[in-house]
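Trainee: Here it is: the structure, laid out below.
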Amino acid sequence: MKTQNMKAPLFSTARLPLPALALACLLIPTMASAQVVVTETFTGTAGTTFLGQTTSDGNAVWSAQQGNAAANAADQYTAVGSTPFTSQFGSSYMNGAANRQNAYSLIYDLDGYTELILNIGQFQAPTPGTTSSVFFRIGARTTTNNGFNAYQFTALSTNSFYVGYVDETGTLTEVGTINTTGAGTSLHNDISLVVTANTQQLYIGGVAFDSIARATQTVAGSGLAQYWSFYQGASANNTFRMDNLTITVVPEPATSALLLGGIAFAILLRRRRMRALQ
């Protein structure tokens, strides 16, 4: 029996080296499954408060949690050039207030999603010296934004941050330390929480910073409204800035490989956006 001549496919995994094939196996199913449900690029009017405003894609709303000091007018969209912080991603970013103890929630209910990734594209915080009053906490599946079940970044010196996890009792457990980009300030890219039904794990730059997945306040499918939270400790020196926040969900069935691929997918999209802005 004669066999037909087959044209070589335009793309063949046989032509890929093993590392590239492994990466393709990781990214291709993730790109097909992962869905970005919230994007915040802070493209509002510079100098206006972001609280009560919808995100840039219109899918979520910012709120100040009850029980903490109300956010003031210094929490704003701030144009690049008015502060030392220059965003990689756009002309505006979130500029937090100094001398406040605020807790912010991104009001997008996470209850129905078993696996997701919460990412801060760019984050800057002060490191004025050794002081426990300068700290920031981020957490997923928050039902009450009290700063519990969250990762805490504390100024350890003018050149480093102490990173820990605050459990449901308020106990802080050390995770590690990170060096700053310069004395007095700390700038980091791609800070992520990889979240399952009832755990969250901290990644920085696409690499697991915490070797342990920590508990969230509640579990997916509990019927409770669950949000992304940011908790700012009180200090005259704790003005923070951040830009390009995303929430990416991974529909079931999913694996840890898909979650890791989701981080790579988010970074890939971000780099494409940065190139488009250049």
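Numbering (our numbering), first residue to last: 961 to 1238.
Glycine included, every Cβ here is placed at the ideal spot set by N, Cα and C.
For clarity, every value in this text was computed on a predicted model and none was experimentally measured.
#1: Taking Cβ positions, are G1193 and Q1061 nearer each other than 8 Å?
#2: Three Cβ pairs or more, each shorter than 8 Å: is that satisfied between the segment 1127-1138 and the segment 1068-1077?
#3: Return the residue from the list Q1160, S1051, G1165, V1167 that minimises the CA-CA distance to V1179.
#4: For S1052, which of helix, strand or coil comes out of DSSP?
#5: Where does the unbroken beta strand (DSSP E) through G1099 begin, and where does it stop?
#6: May I ask you to verify whether the segment 1145-1157 touches the segment 1074-1085, counting CB pairs closer than 8 Å and requiring at least 3?
#7: Quick check on the DSSP output: the beta strand (DSSP E) that includes I1172 runs from which residue to which?
#8: Can you tell which of I1172, T1137, A1185 has the C-alpha that lies nearest to the C-alpha of N1105?
#9: Throw me the rounded Cβ distance for the L1205 and N1079 pair, which I believe falls under 8 Å.
#10: On the three-state DSSP scale, how would you describe S993?
#11: Within 10 angstroms of its Cβ, does V1135 collect 16 or more other Cβ (buried), or is it exposed?
#12: First and last residue of the beta strand (DSSP E) that includes V1126?
#13: Where does the unbroken beta strand (DSSP E) through E1134 begin, and where does it stop?
#14: Where DSSP assigns a beta bridge to F1113, which residues make up the other side?
#15: Rounded to a whole number of angstroms, what is the C-alpha to C-alpha distance between V1021 and F1121?
#16: Rounded to whole angstroms, what's the CA-CA distance from N1198 to F1095? Just pull it up for me.
#17: For G1099, tell me which candidate among F1190, A1006, A1173 has the shortest Cα-Cα distance.
#18: Hey, how far is the Cα of A1173 from the Cα of T1156?
#19: Cβ atoms of V1123 and F1108: under 8 Å apart, would you say?
#20: With burial defined as no fewer than 16 other Cβ atoms inside 10 Å of the residue's Cβ, what is the status of V1167: buried or exposed?
#21: Can you give me the Cβ contacts of A982 inside the same chain, cut-off strictly under 8 Å, excluding the 5 residues immediately before and after it?
#22: Taking just the CA atoms, how far does S1146 sit from S1047?
#23: Does the separation of the CB atoms of T1102 and Q1177 fall below 8 Å?
#24: Taking the Cβ atom as the reference point for each residue, do S1052 and G1018 lie within a distance shorter than 8 Å?
#25: Run the CB neighbour count on G1056, radius 10 Å, all protein chains shown included, and call it buried at 16 or more, exposed below.
#26: Opposite T1015 in the DSSP bridges: which residues?
Mentor: So, from the listed chains and residues:
#1: yes
#2: no
#3: Q1160
#4: strand
#5: 1095-1102
#6: yes
#7: It is not in any beta strand (DSSP E) - I1172 carries neither H nor E in the DSSP assignment.
#8: A1185
#9: 7 Å
#10: helix
#11: buried
#12: 1120-1126
#13: 1132-1139
#14: F1096, V1123
#15: 30 Å
#16: 7 Å
#17: F1190
#18: 9 Å
#19: no
#20: exposed
#21: Any answer about A982 is weak, because its pLDDT of 48 lies below 50 and its placement is not dependable; what the coordinates show is given next. The answer is none, since no qualifying residue turns up.
#22: 14 Å
#23: yes
#24: no
#25: buried
#26: T1015 is not bridged to any residue.
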